[in-house]
Ligand SMILES: C[S@@+](CC[C@H](N)C(=O)[O-])C[C@H]1O[C@@H](n2cnc3c(N)ncnc32)[C@H](O)[C@@H]1O
């Protein structure tokens with residue numbers, strides 16, 4: 007079965023995560039339950055460090071991982087947070103290796119997060135956005151340990167009258183990995199991937 011076929015099958019029977027609020031979808035935040043469930047998964051694998059290429063310096067992921075004893079290193083274009091470096095995740099690499107990657111790119115066509123032209127949320131050409139997103143996925147996987155786990159968050163939506171299958175693009179972007187679980191948090195979907203070894 008192709009990885010896309012596997013993803014569609016998993017999505018069909020996906021667990022639905024609780025939603026206790028406390029986050030702002032319109033501001034690009036994800037349900038903290040996704041972070042907590044991913045942190046639980048990494049803890050059960052004995053993980054020590056996780057990389058978040060598109061982090062929000064004011065978001066909850068650093069503290070949520072800290073609560074379970076996992077160090078989070080993130081990238082963002084603007085940051086004064088000591089654990090989130092100012093970097094362009096489509097070209098800049100993190101230092102070291104990570105047991106987990108939390109991958110939540112700005113969705114194509116979303117409101118701009120910053121004025122920085124490198125911000126994926128500012129891109130108005132879908133092919134340009136895809137190349138940038140794939141590059142960030144490739145860099146993240148290069149810094150993932152061999153049996154590491156990725157939690158990638160996307161959604162299926164409409165933009166400019168067209169259906170955007172961002173969830174499936176993400177699966178395709180992590181070409182060396184295969185989906186193993188899917189968690190729903192409408193309208194978002196969290197896709198858990200790992201290598202086949
Ligand atoms: C969808 S938000 C992530 C939100 C976070 N996961 C949360 O739940 O709060 C994406 C973030 O990535 C940043 N970003 C956009 N393009 C980037 C790039 N090329 N490199 C690094 N960060 C980028 C945006 O400015 C924004 O802060």
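In my numbering, the protein residues as written are 7 to 203.
All C-beta atoms in this analysis are idealised placements derived from N, C-alpha and C, irrespective of residue type, glycine included.
For residue 72, the enclosing alpha helix (DSSP H) has its first and last residue at 67-73. In this structure the segment 72-79 does not touch the segment 109-124; the number of beta carbon pairs closer than 8 Å is below three. In the DSSP annotation of this structure, the continuous segment of the alpha helix (DSSP H) that includes residue 132 starts and ends at 132-148. A straight line joining the alpha-carbon of residue 45 with that of residue 74 spans about 7 Å.
By the criterion of a C-beta distance shorter than 6 Å, residue 115 is surrounded in its chain by 165, once the five residues flanking it on both sides are discounted. Shown here, residue 96 sits in coil according to DSSP, grouped into three states, outside any helix or strand. No Cβ-Cβ contact shorter than 8 Å links residue 63 with residue 40. Judged by DSSP secondary structure, residue 106 falls outside any alpha helix (DSSP H) and instead within the beta strand (DSSP E) spanning 104-109.
Between the alpha carbons of residue 158 and residue 180 lies a distance of about 9 Å. In terms of side-chain proximity, the C-beta atom of residue 36 is found nearer than 7 Å to a non-hydrogen atom of ligand 1. For residue 185, no alpha helix (DSSP H) segment is defined; the enclosing uninterrupted segment is the beta strand (DSSP E) at 184-191. Where residue 196 is concerned, the enclosing beta strand (DSSP E) starts and stops at 194-200. Nearest to residue 103 by C-alpha distance, out of 7, 124, 56 and 134, is 56. Assignment of beta-bridge partners to residue 57 by DSSP yields 79 and 107. A Cβ-Cβ separation of about 6 Å places residue 138 in contact with residue 126 under the 8 Å criterion. When the five nearest sequence neighbours on each side are left out, the beta carbons in the same chain lying within less than 7 Å of the beta carbon of residue 143 are those of 109, 179 and 180, in order along the chain. Less than 8 Å separates the beta-carbon of residue 198 from that of residue 155. A heavy atom of ligand 1 is found nearer than 7 Å to the CB of residue 94.
Excluding the 5 residues flanking it on each side, residue 141 has same chain C-beta neighbours closer than 8 Å at 96 and 97, in chain order.
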